[in-house]
Amino acid sequence: MIFTYQIVSLGMIFYQNSSAVNNNEIQSLAKNEEGVVIRNGLPNSGQVTFSCNVDWGEEVIPDMLKIFDENQINITFFVSGKWAEKHPDLLREMYAAGHEIQSHGYSHKLCSQNSVETIKEEILKTEKVIMDIIGVKTNVFAPPAGNYDETTVELCRSLGYKLALWNVDTIDWREGSTAEVIKNRVLKKHLNGAIVLMHPKEETVKALPDLIREIKGKNLSIVPLYRLSY
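Structure, rendered in structure tokens:
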């Protein structure tokens, strides 16, 4: 069974697949995901995590790092192994600045469209690449496009990995996503305990100063995923 989850305005989680999903199946899935899948932190944690998926966008990452440094915050970058191999110095800079580095797979393959052996190779190959560059072992996997299935969950469990999703999406890849649109899209959501998904895009970078200021103005701390209470 293949799942893509979406968060809607009422905060409910809907699983979409080719056939109807009954309550028993949803309960079974939730039990299967327990202890592995992370969608958000505790709603009263007073924390927000920025989760930035990186498979491109290296030209704007230095600007992102500068903004994060100026605002004294750290985030979690989920990088693809292929990208890390091409930009080892930038990865070192991200890590040296105090940001958490985790896995986005090696070559951005969708989990549900590939064998479990292929996805295992994607995760382990990226783990080695990152270890070789910054000496850190990854233990969280953000599946490309948030696409995963039950076998992905079991694979992560067997490898000692968490599977990271999100509950607030900048949708910064969509045409028309200006800095103002991105900012409003995020700020209208409940942010206490949120994991905010973003990518290294020019309009996202432009939105960051206002986003950070507004979030801090709500007395929320921006923390990397490993510090998020969930």
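Take -12 as the starting number for the sequence shown in the numbering used here and just add one per residue. A virtual CB, placed ideally from N, CA and C, is assigned to each residue, including glycine.
Continuous alpha helix (DSSP H) stretch holding residue i: start and end
{"i": "E272", "result": "Because the chain spans -12 through 217 in this model, residue 272 falls outside it and cannot be assessed."}
{"i": "T139", "result": "E137 to L146"}
{"i": "V173", "result": "A166 to L174"}
{"i": "L29", "result": "Looking at the DSSP string, L29 is not in any alpha helix (DSSP H), and its letter there is neither H nor E."}
{"i": "K203", "result": "E189 to G204"}
Presumed contact (8 Å Cβ cut-off) between residue i and residue j, rounded CB distance
{"i": "T113", "j": "T105", "result": "About 13 Å; that fails the 8 Å criterion."}
{"i": "I88", "j": "L78", "result": "7 Å"}
{"i": "V127", "j": "L212", "result": "6 Å"}
Three-state class that DSSP yields for residue i in the structure shown
{"i": "V66", "result": "strand"}
{"i": "A181", "result": "coil"}
{"i": "S99", "result": "helix"}
{"i": "V35", "result": "strand"}
{"i": "I13", "result": "Residue placement at I13 is poorly supported in this model, since its pLDDT is 48, which falls under 50; the coordinates still yield a value, given next. Of the three classes helix, strand and coil, the one that applies to I13 here is helix, per DSSP."}
{"i": "D159", "result": "coil"}
{"i": "K124", "result": "coil"}
{"i": "I83", "result": "The sequence given here has Ala at residue 83, not Ile. Residue state, collapsed to three classes: helix."}
{"i": "I60", "result": "coil"}
{"i": "N40", "result": "strand"}
Contacts around residue i, its chain only, beta-carbon distance under 8 Å, and the 5 residues preceding and following it disregarded
{"i": "H74", "result": "E45"}
{"i": "L29", "result": "G180, S216 and Y217"}
{"i": "Q34", "result": "G28, N179, G180, L207, S208, I209, V210, R214, L215 and S216"}
{"i": "P49", "result": "L77 and E80"}
{"i": "V258", "result": "The chain is shown only over -12 to 217; residue 258 falls outside these bounds and no answer can be derived."}
{"i": "S(-4)", "result": "Model confidence at S(-4) stands at a pLDDT of 31, short of 50, so the residue's coordinates are unreliable; what they give is reported in the following sentence. Cβ within range, chain order: n/a, list empty."}
Residues near residue i by beta carbon distance below 7 Å, same chain, minus five either side
{"i": "V173", "result": "V155, T157, V183 and L198"}
{"i": "D42", "result": "S67, W70, H91 and H95"}
{"i": "T165", "result": "E190"}
{"i": "D56", "result": "A84"}
{"i": "L97", "result": "P131, A132 and N134"}
{"i": "T139", "result": "C98, I106, P130 and L150"}
{"i": "I120", "result": "A71, P75, L78 and R79"}
{"i": "L146", "result": "I110"}
{"i": "S5", "result": "Only weak support exists for where S5 lies, its pLDDT of 43 falling under 50; the value from the coordinates is given anyway. Once the five neighbours on either side are set aside, S5 has no close Cβ partner at all."}
{"i": "E108", "result": "none"}
Residues of its chain near residue i, where Cβ-Cβ distance is below 6 Å and the 5 sequence neighbours each way are ignored
{"i": "G85", "result": "N61"}
{"i": "L152", "result": "R26 and G133"}
From the options, residue whose alpha carbon lies closest to that of residue i
{"i": "N179", "options": "N31, W153 and S38", "result": "N31"}
{"i": "Y135", "options": "E72, C39 and S99", "result": "S99"}
{"i": "T36", "options": "F65, V23 and D50", "result": "F65"}
{"i": "I110", "options": "K188, Y93, E137 and M118", "result": "Y93"}
{"i": "D159", "options": "T63, F128, C39 and N58", "result": "C39"}
{"i": "R161", "options": "C143, G147 and M185", "result": "M185"}
{"i": "R200", "options": "E137, H177, V23 and K170", "result": "K170"}
{"i": "E20", "options": "V192, K115 and E141", "result": "E141"}
{"i": "G163", "options": "N101, K205 and K188", "result": "K188"}
{"i": "V168", "options": "Y148, V24, A194 and H177", "result": "A194"}
Unbroken beta strand (DSSP E) run spanning residue i, endpoints
{"i": "E87", "result": "E87 to S90"}
{"i": "L150", "result": "K149 to A151"}
is_contact[residue i, chain C] using C-beta, thresh 8 Å
{"i": "E114", "result": "Considering every chain present, this structure includes no chain C. It has just one protein chain."}
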